[in-house]
Every structure is written in structure tokens, then in C-alpha cells.
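All remarks here apply to the structure that follows.
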Amino acid sequence: MSTANPSPDLRQRVAAVSSTELTAAIGVGGIVIATLLPAGGIEDGPVICPFRALTGLPCPGCGLTRSWVYLMHGDIGPALASNWFGPVLILAVIALVVTVVRARSAGKRPADLDKLVRNPIVLGTFALFLTYGAARLILTLAGVVDPI
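If you're matching positions, the sequence shown starts at 179 in the numbering used here and goes up one per residue.
Now the structure itself:
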């Protein structure tokens, strides 16, 4: 019994999935998981951020999981308290999915992810995200806010 290599057709189909489509699919998976996780116990979960685990301080992304879970359960206040950029990121995932679906519906490949992330709006939003993270870190170090 020999193990044959995947057929060229299978390789072509796998290669035909762009990084944009893969990122959109992962984002949808994250939204589905956030919907399935119970909001009641999300504060008691493990710390998955390596920076926070090592330092006890929040990185810019700390609280995004909790923000998504709260948001998907309709709890906007706790979602924003966990991370202001949780709702922004969910909107970005939805926009990416719409972009992919529109392109594929028109029989075209979606725009390259590299091109999409170099959009001035995306770059500006990322700069705000880093500024938010730095401000939250400084406020935590100053004792103004509790670590997340």
C-alpha cells in the first residue's frame, strides 16, 4: 500500500485560497467561538497573553477575547471596558468577509491582504490601537487603572 501525494487538482484548489480568504475565515471562526463561549465565566479564564503572563501588564491586545465574547452576547459596556478595539476588530472582520464574498460573487479573486492592510484607514486604526495600548500600559503603571 503506497501513500500517494495529493492530486495536482487538490494542490491547485488549496493554493487558490488567498490569504485574504483565510484571514476572513479565521475571523469568522473567532466570532463563532465568541458567540459560543459563555459571557458569565469569561473573566475566570486563563491568561493567554505571553506579555501579560510575564509582566502582569496589559499589551494592546489584552482583553480582545473578552471584548468579543461580551459583544457577541450584547454586553456593550463590558466589551468596551475589556478592550476598546474589540468592536472595531469585529467590524473589520465583517468588512473583510463582505469584501471576499463580493469578489468571489463577481468571479474574481479578493484583493491581496498585503494591499488591504496598507490602506491608510487600516494603518491609522493600527496606530490608534498601539497608542491605546501604550496609554493603557502607562495608566496601569501609574496606578490609575487596574491591570485587566
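Heads up, the beta-carbon is just placed ideally off N, CA and C, and yes, glycines get one too.
Helix, strand or coil: which one does DSSP assign to residue i?
i	result
Ser196	coil
Pro265	helix
Val389	Within the shown structure, residues of the chain are numbered from 179 to 326, placing residue 389 beyond reach of any answer.
Arg293	Note that residue 293 is Lys in the sequence shown, not Arg. Correct three-state label for Lys293: helix.
Leu313	One point to set straight first is that residue 313 is Ala, not Leu, in the sequence displayed. Ala313: helix per DSSP, three-state reduction.
Pro288	coil
Ala281	helix
Gly239	coil
Pro298	helix
Ala320	coil
Val225	coil
Leu215	coil
What first and last residue would you give for the alpha helix (DSSP H) that runs through residue i?
i	result
Arg230	Pro228 to Thr233
Pro256	Ile254 to Ser260
Taking the Cβ atom as the reference point for each residue, do residue i and residue j lie within a distance shorter than 8 Å?
i	j	result
Pro238	Leu308	yes
Ala217	Val195	no
Leu274	Asn261	no
Arg314	Pro236	yes
Val276	Ile209	no
Leu306	Val300	no
Ile220	Arg244	yes
Three or more C-beta pairs closer than 8 Å, one from the stretch 197-209 and one from the stretch 282-294: is that the case here?
yes
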